[in-house]
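See structure below.
There are 2 protein chains.
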Amino acid sequence: MDETTGLRERKKAATRLALHEAALRLAAEQGPDAVTVEAIADAANVSRRTFSNYFSNKEEALFHGDTTRLRRLLQLIRERPASEPPWTALSLAAERFTEEAFGDRDHSWLTRRRQLRGHPGLAAHQVAAYTTIERELAGDLAHRLTGADVALRSRLLAATFLAILRVAVQHWIDHPGGHLRQTIRTALAEAAPPATAGTAGD
Amino acid sequence: MDETTGLRERKKAATRLALHEAALRLAAEQGPDAVTVEAIADAANVSRRTFSNYFSNKEEALFHGDTTRLRRLLQLIRERPASEPPWTALSLAAERFTEEAFGDRDHSWLTRRRQLRGHPGLAAHQVAAYTTIERELAGDLAHRLTGADVALRSRLLAATFLAILRVAVQHWIDHPGGHLRQTIRTALAEAAPPATAGTAGD
DNA sequence: TTCTCAACGTGCAAACTTGCCTAGTGCGCA
DNA sequence: TGCGCACTAGGCAAGTTTGCACGTTGAGAA
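Chains as they are written, first to last, in my numbering: chain A, 1 to 202; chain B, 1001 to 1202.
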């Protein structure tokens, strides 16, 4: 995978990741408000100016991981066969997604995420990250729906699905020892009826 | 020390060092001729073009360490009081130099150096590195000499001193378990008479 | 010998980083 | 209230790295 991309692109990705991880670590250690952009840049061994070249603010750096993961989820959903009922496609993509994205999370990552939980400003930014993806997902889902009110129903489906996913992941982060995969399965099953009702393919 | 220089300079130094160390490691592992510039650049995580921005060839990269150390030695000599007899200044500077430069060499460094020993092309480059410094040192020493033939005597003094140092260090590298400091002391004392004869300050 | 090819050294343009600077914001203190 | 101060976002120029192209060289095969 790395072999196909050039050195320049690999280095950019590394810098972005370094900034993201520095932001996460420092925010967990000192509290999100206490961290300065300068401290993050220093920790990632780049200039403050370079931080701005990658992220427009601290929060963006903090949620870069989420953004990346969600974008990957979107891709997984797109890869599901078009013939698959929407909720099935979403569920199976979510299944694969959790394995990929959270299968090998180390303990320190979880600890950090836990320490950031409940911070008001941050939560807003996280929801914003999800919302951005939500619009894209709705657009995709529209192609998988037929019947009346496709625009509305696809938006609802996207919003429901992402909300469930967000809550399930957050729940898993907050409650050590749980199994994310099972949590998500349960959560999706719980919410399946209304979402399945939106299906019109069969 | 790092705190005073900017990020840009620190990164350049780091890149130069990374290239130097990669060159040393690969040359020791595969033999100096088998290593390509490309391999060194890859190991240092920079492009082949960047290698050329730092060094004009493999050998320069390999002897970057020597060059740096010798330049530091020159500085130490310059810091000796002008009133000090030349050979005394040289000896005391050499004393301090060995502590600084070889005091904390790890085992792998010694191993690598040993593996490069005796390679014909490399030896020539190393001597070249010493010769460059030799001219500078001679220039400095001229200020510490009086009497006739200062130009010649300062060149002789510089050449003798550096030759002794080079041999002593090489001997230490080749013979594990020896004490560099003692080796150098012995070597310098051995050669002191002719050099001291060149002194004219007292 | 001639051909081929890998490695090298270097010129050049585009991309990226750094450092400096400015304007804007929010906060504490006189 | 007004002032100073730390932090931030982003414009700009200079410095650095990358990617690519081109000509050269030396070693080995045809």
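Here a beta-carbon is modelled for each residue, glycine too, at the ideal position from N, C-alpha and C.
Exercise. For chain A, is any of its Cβ atoms less than 7 Å away from the one on residue 1165 of chain B?
Worked result: No, residue 1165 of chain B does not count as interfacial toward chain A.
Exercise. Counting only beta-carbon atoms, is residue 1076 of chain B nearer than 7 Å to chain A?
Worked result: It does not; no Cβ of chain A falls within 7 Å.
Exercise. Hey, out of A:168, A:167, A:144, whose CA is closest to residue 157 of chain A's CA?
Worked result: The option with the nearest alpha carbon to residue 157 of chain A is A:144.
For this session: Kindly list the residues whose CB is nearer than 7 Å to the CB of residue 47 of chain A, restricted to its own chain and excluding five residues on each side of it in sequence; keep chain order.
Result: Within the same chain, and ignoring the five residues on either side of residue 47 of chain A in sequence, the residues whose Cβ sits closer than 7 Å to its Cβ are 41.
Exercise. Does the ligand ATP have a heavy atom nearer than 6 Å to the CB of residue 1128 of chain B?
Worked result: The ligand ATP is not among the ligands present in this structure, which contains no ligands whatsoever.
Exercise. For residue 1015 of chain B and chain A, any beta-carbon pair shorter than 7 Å?
Worked result: So, not an interface residue.
Exercise. Does the region 64 to 76 of chain A come within contact of the region 116 to 135 of chain A, defined as at least 3 CB pairs closer than 8 Å?
Worked result: The region 64 to 76 of chain A, when compared against the region 116 to 135 of chain A, does touch it at the 8 Å Cβ threshold.
Problem set entry | Start-end ranges of the alpha helix (DSSP H) lying completely within the region 107 to 142 of chain A, minimum 4 residues | Within the region 107 to 142 of chain A, the complete alpha helix (DSSP H) runs of at least 4 residues are 107 to 116, 120 to 142.
Exercise. Chain B partners of residue 7 of chain A, CB-CB under 7 Å?
Worked result: Going along chain B in sequence order, the residues near residue 7 of chain A (Cβ under 7 Å) are 1047.
Exercise. Counting only runs that start and end within the region 17 to 52 of chain A, where is the alpha helix (DSSP H) found for 4 or more residues in a row?
Worked result: Taken in chain order, the complete alpha helix (DSSP H) segments of 4 residues or longer contained in the region 17 to 52 of chain A are 37 to 43.
Problem set entry | Collapsed DSSP secondary structure at residue 61 of chain A in the structure displayed | Reduced to three states, the DSSP call for residue 61 of chain A is helix.
Exercise. Does the count of Cβ pairs from the region 1023 to 1034 of chain B and the region 1070 to 1089 of chain B closer than 8 Å reach three?
Worked result: No, because fewer than three Cβ pairs between the region 1023 to 1034 of chain B and the region 1070 to 1089 of chain B fall closer than 8 Å, the two stretches do not touch.
Problem set entry | Collapsed DSSP secondary structure at residue 275 of chain A in the structure displayed | With chain A represented from 1 up to 202, any question about residue 275 of chain A goes unanswered, as that position is not in the structure.
Exercise. Under 7 Å between C-beta atoms, does residue 12 of chain A make it to chain B?
Worked result: Interface residue (Cβ-Cβ distance to chain B less than 7 Å): residue 12 of chain A is not classified as such.
For this session: Consult DSSP for residue 1011 of chain B and reduce its assignment to one of helix, strand or coil.
Result: Three-state DSSP puts residue 1011 of chain B in a helix.
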